Every structure is written in C-alpha cells, then in structure tokens.
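Numbering (this note's numbering), first residue to last: 20 to 254. Glycine included, C-beta positions come from ideal geometry on N, C-alpha and C. Computed from a predicted structure; not experimentally measured.
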C-alpha cells in the first residue's frame with residue numbers, strides 16, 4: 020500500500036515538474052524577440068527604395084519565424100533597389116526578385132539623371148499612351164499606378180447624334196501625374212494619365228482622342244470583360 024502511494028506521489032511530482040518546465044520554456048520563448056525590417060510607408064511600384072522607406076520593429080521570435088523567407092537583416096541590403104510592385108506600409112522587406120530589382124542591377128533601369136527609366140518596364144508587345152483628363156473623366160483623380168480601367172468614348176454619328184461606347188477594357192494605369200490642389204481648384208485641373216496598351220489599342224485610343232471625348236472608369240476585376248452596347252442619345 021505504501022509503495023503504491025509513493026509511486027503515485029512520484030508520478031504527481033514528475034508531472035508537475037514537466038508542466039513547470041514546459042511553461043517556463045513557453046514563457047521564455049515569448050520573451051525572446053528579434054528585429055525585423057518593414058516598410059515605413061507605402062512604396063509605389065517603379066520607385067527607388069531609400070533608407071527612409073524602411074524601419075526596424077521588434078517582434079516575438081516565434082512570430083518572426085512565421086514571416087516569409089528572404090527577409091533582410093540590414094536596411095542597406097535594399098537601399099537602391101527598385102520596386103516592381105507596390106509595397107504597403109508594414110510589409111516585411113525582403114530580397115525577392117518578383118518584388119524588387121536588386122541594387123546591383125539598378126543601373127540597367129536608370130537614366131543618366133538618376134531617375135528610373137520607365138521604358139525599361141514596358142513589355143515589347145506594349146506601348147504607352149497618355150490622356151489628359153479633368154477629374155470627372157478620371158474617377159475624381161483617385162486612380163493609382165497598376166489600377167485597371169475601361170475607356171469610354173463619346174462622339175457623334177454622321178447625323179450629328181451624340182453617342183457613347185466602351186472602346187477598351189482592362190487597361191493598366193502605368194503612370195499618372197500627381198498634384199495637390201484644394202477642392203475649389205480641382206474642377207479645372209487636368210491630370211495626365213499614362214496607359215499601357217497594345218499597339219493597336221494605342222492607335223484606337225489616339226484616334227478617339229482626336230474625334231471626341233474620353234472617360235476612364237475604374238475596373239476592379241482584372242481579367243473580367245463585359246459585353247457593353249453603344250448608347251445613342253435619342254432626339
């Protein structure tokens with residue numbers, strides 16, 4: 020009887036020791052922290068990364084282990100790199116060839132004045148064409164790079180009857196003019212929006228600009244196209 024009680028006490032003490040040990044290990048891991056470098060602000064695509072674009076934060080070691088690989092250990096590793104995609108504030112900065120052009124290759128993408136050469140990012144089967152639009156024709160100037168837009172043309176038939184039709188869909192905004200104005204001045208401000216299109220679409224868009232008016236409408240569904248009929252104003 021005494022032997023059974025002693026064995027039970029030993030098992031209880033062993034279990035308690037194990038619980039205490041694993042609890043200590045868990046709490047100790049929570050206290051272990053590491054430094055991670057993240058984006059200090061939104062960094063748009065085709066932007067040269069500078070030191071002020073990044074900052075260090077401290078996170079738990081366990082959390083850091085779950086972050087994506089290739090994270091940088093020093094801000095200097097990405098200073099001078101050129102972004103290929105938008106990077107959001109708080110994103111972990113990492114050496115990813117799908118996300119950035121590494122600093123050692125940046126000279127291939129820079130002009131003599133040190134500015135990023137945008138033509139280096141234009142595919143061989145694409146062209147750049149620019150439209151100048153007021154806010155009510157450019158989604159109130161809220162468009163940003165890499166947005167997708169549809170293009171609506173408004174003109175007149177041979178009989179002089181006004182009509183509108185969608186001439187292009189799923190067009191990428193490649194670059195756009197940035198400015199800051201107050202609401203009272205905004206109505207008359209023209210914004211230049213550069214679109215990435217096929218050579219044939221570049222001809223169609225240029226022709227449309229000469230014949231009538233152009234409006235851009237934001238299309239949030241990349242790859243989705245709709246059958247849209249021409250609208251003619253009845254007299």
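Determine the extent of the beta strand (DSSP E) in which residue 340 is found, giving its start and end residues. Only positions 20 to 254 of the chain appear in this structure, which leaves residue 340 out of reach.
Roughly how many whole angstroms lie between the Cα atoms of residue 240 and residue 160? As a first step, residue 240 must be located in the chain shown, where it is residue number 221. As a first step, residue 160 must be located in the chain shown, where it is residue number 141. Spanning the two alpha carbons is a distance of roughly 19 Å.
Could you pull out every residue in the same chain whose Cβ sits closer than 7 Å to the Cβ of residue 58, ignoring the five residues on either side in sequence? Here the question's residue 58 lines up with position 39 in the chain shown. The answer, listed in chain order, is 72, 73, 106, 107, 108, 109, 110 and 112.
May I have the straight-line CA-CA distance separating residue 116 from residue 95, to the nearest angstrom? Reading the chain shown from its first residue, position 97 is the one you call residue 116. Reading the chain shown from its first residue, position 76 is the one you call residue 95. The alpha-carbon atoms of residue 116 and residue 95 are separated by roughly 17 Å.
Since residue 222 is in the alpha helix (DSSP H), which residue starts that stretch and which ends it? For this step, residue 222 is matched to residue 203 along the chain shown. Where residue 222 is concerned, the enclosing alpha helix (DSSP H) stretches over 218-230.
Do you know how far the Cα of residue 164 is from the Cα of residue 68? Reading the chain shown from its first residue, position 49 is the one you call residue 68. Reading the chain shown from its first residue, position 145 is the one you call residue 164. One C-alpha to the other measures close to 17 Å.
Using 10 angstroms around the beta-carbon of residue 21, count the other beta-carbons present and answer buried if the total reaches 16, otherwise exposed. Within the chain shown, residue 21 is the residue found at index 2, counting from 1. With a pLDDT of 47 at residue 21, under the threshold of 50, the modelled position of this residue cannot be trusted; read the value that follows with caution. Exposed.
Residue 233 bridges to which residues according to DSSP? As a working note, residue 233 is residue 214 in the chain shown. DSSP, once it has assigned bridges, lists 172 as partnering residue 233.
Whole angstroms are fine: how far does the CA of residue 65 sit from the CA of residue 135? As a working note, residue 135 is residue 116 in the chain shown. As a working note, residue 65 is residue 46 in the chain shown. Distance between the alpha carbons of residue 135 and residue 65: 7 Å.
With C-beta atoms as the reference, is residue 127 less than 7 Å away from residue 193? Locating residue 127 in the chain shown gives position 108, counting from the first residue. Locating residue 193 in the chain shown gives position 174, counting from the first residue. Contact flag unset, no.
Verify whether the separation of the beta carbon atoms of residue 215 and residue 145 is less than 7 Å. To locate residue 215, count along the chain shown from 1; it is residue 196. To locate residue 145, count along the chain shown from 1; it is residue 126. It is a contact, given that the beta carbons lie within the stated cut-off.
Using the Cβ count rule (16 or more neighbours within 10 Å means buried), how would you classify residue 224? By one-based count along the chain shown, residue 224 stands at place 205. Burial call: buried.
Please classify residue 66: does DSSP put it in a helix, a strand, or coil? Translated into positions along the chain shown, residue 66 becomes position 47. Correct three-state label for residue 66: coil.
Pick helix, strand or coil for residue 58, following the three-state DSSP scheme. Within the chain shown, the letter at position 39 stands for residue 58. The answer is strand: DSSP assigns residue 58 an E or B state.
Just to confirm my understanding: we take residue 195, look at its own chain, exclude 5 residues before and 5 after, and list those with CB closer than 8 Å. What are they? As a first step, residue 195 must be located in the chain shown, where it is residue number 176. Taken in chain order, the residues that qualify are 162, 163, 164, 210, 211, 212 and 213.
Please report how far the alpha carbon of residue 237 lies from the alpha carbon of residue 168, in whole angstroms. As a working mapping, residue 237 is identified with position 218 in the chain shown. As a working mapping, residue 168 is identified with position 149 in the chain shown. Approximately 5 Å between the Cα atoms of the pair.
Which residues DSSP lists as bridging residue 215, in chain order: Here residue 215 corresponds to residue number 196 of the chain shown, with the count starting at 1. Residue 215 pairs with 147 and 191.
For residue 140, which residues of its own chain have a beta-carbon under 7 Å away from its beta-carbon, when the five flanking residues on both sides are left out? As a first step, residue 140 is located in the chain shown; it is residue number 121 there, counting from the start. Result list for residue 140: 65, in chain order.
Residue range of the beta strand (DSSP E) that residue 75 falls in? The count along the chain shown starts at 1 and reaches residue 75 at position 56. 73-79 is the extent of the beta strand (DSSP E) around residue 75.
In terms of DSSP beta bridges, what is residue 210 paired with? As a working mapping, residue 210 is identified with position 191 in the chain shown. Paired residues: 152.
Does DSSP put residue 127 in a helix, a strand or coil? Within the chain shown, residue 127 is the residue found at index 108, counting from 1. Residue state, collapsed to three classes: helix.
Here's a check: name, in chain order, each residue in its chain whose Cβ is nearer than 8 Å to the Cβ of residue 156, leaving out the five neighbours to either side. In the chain shown, residue 156 corresponds to position 137, counting from 1. So the qualifying residues of the chain are 232, 233, 234 and 235.
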